[in-house]
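Chains as they are written, first to last, in our numbering: chain A, 1 to 259; chain B, 1001 to 1259. For every residue, glycine included, the Cβ atom is placed at its ideal position computed from N, Cα and C. Input: a single structure, listed below in structure tokens.
Number of protein chains: 2
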Amino acid sequence: MKSSERPLILVTNDDGIFAPGIRVLVEEMMAFGQVLVVAPDKPQSAMGHAITIHNFLRLRKVDFMDGVEAYSSTGTPVDCVKLAVYHLIKGRPALLVSGINHGSNLSINILYSGTMSAAVEGALEGIPSIGFSLMEYGIDASFEHTREVVRRVTRNVLGNGLKKGVCLNVNMPAASTGPIKGIRVCRQSLGSWEDAVETRMDPSGHAYHWLKGDFKSTDAGEDTDVWATSHGYASVVPVQFDMTDHGQLAAIKAWDHAL
Amino acid sequence: MKSSERPLILVTNDDGIFAPGIRVLVEEMMAFGQVLVVAPDKPQSAMGHAITIHNFLRLRKVDFMDGVEAYSSTGTPVDCVKLAVYHLIKGRPALLVSGINHGSNLSINILYSGTMSAAVEGALEGIPSIGFSLMEYGIDASFEHTREVVRRVTRNVLGNGLKKGVCLNVNMPAASTGPIKGIRVCRQSLGSWEDAVETRMDPSGHAYHWLKGDFKSTDAGEDTDVWATSHGYASVVPVQFDMTDHGQLAAIKAWDHAL
């Protein structure tokens, strides 16, 4: 098969182009097609769906891996998708994959996640898109046990396609919890964060603040991503971008709206 | 009524604490309760649901308006909500309002919008929350014609409450299109951006890139926010944060998931 006949696969992440997780993802994608990497030049975790409109962006070609064209960008994960689609490719890739994130993106964390926002941006562009996350934060996390899940989900998406406007949120348990038992298709759990603000004093005596928090899994349903991953499975959540609460339309229409 | 008996209303935005829109919103909120302002110290448009985890935050008390306690923050709109709830208030306000944004947040733009992400963060925290946006970008935009809509929606939310986890996305036509005809409760339209990247050369001969784009309203339904606002109405969309595509669960469960 000539290189030009292979499907083009766009790879990005939010931990930055030098994170180990993106290398594993690129290695796996090379079996499926021609790989283009466009990823942030520094960690961009928790950037959500941010895009850069008050500043310009730089793109730098980087030496990444044999046979892979790769660029680092000064922007967010969503910026990387836009730069790839509208500047580098000038068209849609056959597939967009984001990750493998160092850390989970379960439940409502999809809203904060740069990894998943890149996948949602792919869905907005009509590109079949998948975000992969490993439930382990460290730079030295082991990704070997995730490879078969990555391959299996990718093969299914390329083979079956995804409904337009839908992407997948895939979370995989850490290696320390044993081999992954299988894949479960789930709904997003509806937990919440119990946050805190830690205030410190700088050497000049001025206060500064760190956000911190603990995720509370208050939605224990066996059909959720939190349940699946805490029971040894990889979770796959189909994600869409209509945030309307259709069930609330009637109640709010009944209000008094006279001006 | 003593000040301590009045409901506490948290006001934030994404255009920064010095934008005219937030002043109009605070003026209106003072009729409903005790107002606390926590807003970014600089424009944070298009920051989406970004939060600051790799850096600390500063909070600075600012002279804003008689009778209003106000702080600027170095963070994003969502950071402002977290700083208010977990550091300044150490509890939930009775209401969170965000805006009035200089520029529309219709359709899928809720994903990119700092204004609406602050409201969604409020919903995640169980706070009745409303994002207000004016469909005019300029610093000298007129907000006078929006005051009655702001009052009416606020009165309804305080009087009727909102289902837990739901916030409202309110968009209001520009003054130039005439008086606002009324309020319509809508679903989020499903348009998309036709983006472009404009590449320029710096004086040293290195390329830099600006994102730009045009919103394409490809979803013309009369039940949408785009239809309502383009026909002279203010739109109110109830917004929730479950991004699961429940309709796709069965199709994806039918894939071959064997590992």
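Would you mind telling me which residues of chain B sit closer than 9 Å to Tyr137 of chain A, beta carbon to beta carbon, in chain order? The contacting residues do not exist; Tyr137 of chain A stays about 11 Å from chain B at best.
Once you ignore the five residues that flank Asn105 of chain A on each side, which residues in its own chain have a CB closer than 8 Å to its CB? Only Ser113, Thr115, Met116, Gly131, Ser133, Asn169 and Asn171 meet the Cβ criterion.
Chain A partners of Ile1100 of chain B, CB-CB under 8 Å? Neighbours of Ile1100 of chain B on chain A: none; closest Cβ ~16 Å, over 8 Å.
Beta strand (DSSP E) segment containing Ile100 of chain A, residue limits: Counting along the chain, the unbroken beta strand (DSSP E) around Ile100 of chain A starts and ends at Leu95 to His102.
Checking contacts by CB at 7 Å: is His145 of chain A closer than that to chain B? So no, His145 of chain A is outside the interface.
Excluding five sequence neighbours on each side, which residues of the same chain lie with their C-beta closer than 6 Å to the C-beta of Met30 of chain A? Contacts found: none.
In chain A, which residues lie with their C-beta within 7 Å of the C-beta of Pro1043 of chain B? Those are His54, listed as they occur along chain A.
Any beta-carbon of chain A closer than 7 Å to the one on Asp1195 of chain B? Interface residue, yes.
Pull up the distance between the alpha-carbon of Ile1108 of chain B and that of Ile127 of chain A, whole angstroms please. The straight-line gap from Cα to Cα measures roughly 16 Å.
Based on DSSP bridge pairs, tell me the residues matched to Trp210 of chain A. According to DSSP, which records beta bridges pairwise, Trp210 of chain A is partnered with A:Glu198.
Inter-residue Cα distance where the pair is Asp79 of chain A and His1257 of chain B: Spanning the alpha carbons of Asp79 of chain A and His1257 of chain B requires a straight line of approximately 32 Å.
Report the CB separation of Ala1046 of chain B from His1102 of chain B in whole angstroms; it is logged as a contact under 8 Å. Separation of the CB atoms of Ala1046 of chain B and His1102 of chain B is rounded to 12 Å, and the pair is thereby denied contact status at 8 Å.
So which residues of chain E does Gln1240 of chain B contact, with C-beta pairs closer than 8 Å? This model lacks chain E altogether; the protein chains it does include are A and B.
Looking only at DSSP bridge pairs, what is Gly131 of chain A linked to? Note: Gly131 of chain A sits in a beta bridge opposite A:Ser98 and A:Asn169.
Pull up the CB-CB distance for Ile180 of chain A and Val153 of chain A, whole angstroms please, since I reckon it's below 8 Å. Contact between Ile180 of chain A and Val153 of chain A does not hold, since the beta-carbon distance rounds to 12 Å and is not under 8 Å.
Cβ shell of Lys1061 of chain B (< 6 Å), same chain only, five flanking positions each side left out: Listed in chain order, the non-local C-beta contacts of Lys1061 of chain B below 6 Å within the same chain comprise Tyr1071, local neighbours out to five positions each way being set aside.
Chain-ordered chain B contacts of Val120 of chain A [CB-CB under 9 Å]: Simply Leu1111 and Met1243.
What in chain A is Cβ-close to Leu1025 of chain B, meaning under 9 Å? Result: empty, since nearest Cβ-Cβ is about 18 Å, beyond 9 Å.
For the stretch 1082-1095 of chain B against the stretch 1197-1209 of chain B, do three or more pairs of beta-carbon atoms, one drawn from each stretch, fall closer than 8 Å, so that the two count as touching? No, because fewer than three Cβ pairs between the stretch 1082-1095 of chain B and the stretch 1197-1209 of chain B fall closer than 8 Å, the two stretches do not touch.
Bridge partners of Pro1040 of chain B, per DSSP? Looking at the DSSP assignment, Pro1040 of chain B forms a beta bridge with B:Ser1073.
Between Val236 of chain A and Cys167 of chain A, how many whole angstroms is the CB-CB distance? I'm expecting something under 8 Å. With a Cβ gap of about 11 Å, Val236 of chain A and Cys167 of chain A do not count as contacting.
Could you spell out where the beta strand (DSSP E) holding Ala1234 of chain B opens and where it closes? Note, Ala1234 of chain B: beta strand (DSSP E), Ala1234 to Val1239.
Considering only DSSP beta bridges, list what Phe1296 of chain B is partnered with. With chain B covering only 1001 through 1259, there is no way to say anything about residue 1296 of chain B.
Which of helix, strand or coil DSSP assigns to Gln1034 of chain B: Strand at Gln1034 of chain B.
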